[in-house]
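Note sheet for the following structure.
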Amino acid sequence: PLPPSPPPPRAPAVLLSSGPFQLSRGNELASGLSLTTSFSLSFTITPNTTRGEWSNIVHVTNGDNCCSYGSRVPAVWFFGGTRTLYVVDGQPGRGNDEVCGWYERPTLDMGVTHRIEILNTPDSTTLLVDG
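Going by our numbering, the first residue of the sequence shown is number -3, and it counts up by one from there.
Rendered as structure tokens:
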């Protein structure tokens, strides 16, 4: 078997917040960003509870919620009642393209700080958790 492919190269960083940022409904961290087809998005998160409904963590968008190209580049949620990540990255023709398959979706540990990184190239999207 062939060795696994290395992750895509990391894009230059744009700092959006220099300290802790409390997630809350409708709390916009930044606007007017321009993403190229190669970028990385990273953040740390410490899940302290679960909610019965889907919980949006980050949603980079052109203004639409779903499912045109640019409406989720990327977007990250917890499935309702869980700490399992649902990560999508819109591709041309597939605006709601899931990054992980059903059995590959990571579940984060309660009360543990995790580093999430999404690496995007024109050909692929890679999700790293604590990697």
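All C-beta atoms in this analysis are idealised placements derived from N, C-alpha and C, irrespective of residue type, glycine included. Note that the coordinates shown come from a computational prediction; the quantities given were computed from them, not determined experimentally.
Check	Outcome
Identity of the residues DSSP links to T103 by a beta bridge	T80
Whole-angstrom distance between N44 and A62, CA atom to CA atom	Note that residue 62 is Cys in the sequence shown, not Ala. For C62 and N44, the distance between alpha carbons rounds to 28 Å.
Start-to-end residues for the beta strand (DSSP E) that takes in L37	F35 to I41
Straight-line Cα distance separating M106 from G66	31 Å
6 Å Cβ shell around E94 - same chain, five flanking residues per side excluded	V84
Alpha-carbon spacing of T42 relative to R111, whole angstroms	9 Å
Alpha carbon of S34 to alpha carbon of G28, nearest angstrom	17 Å
Spatial neighbours of A71 in its chain, beta-carbon cut-off 6 Å, leaving aside the 5 residues before and after	H55 and V84
Alpha carbon of G77 to alpha carbon of G48, nearest angstrom	4 Å
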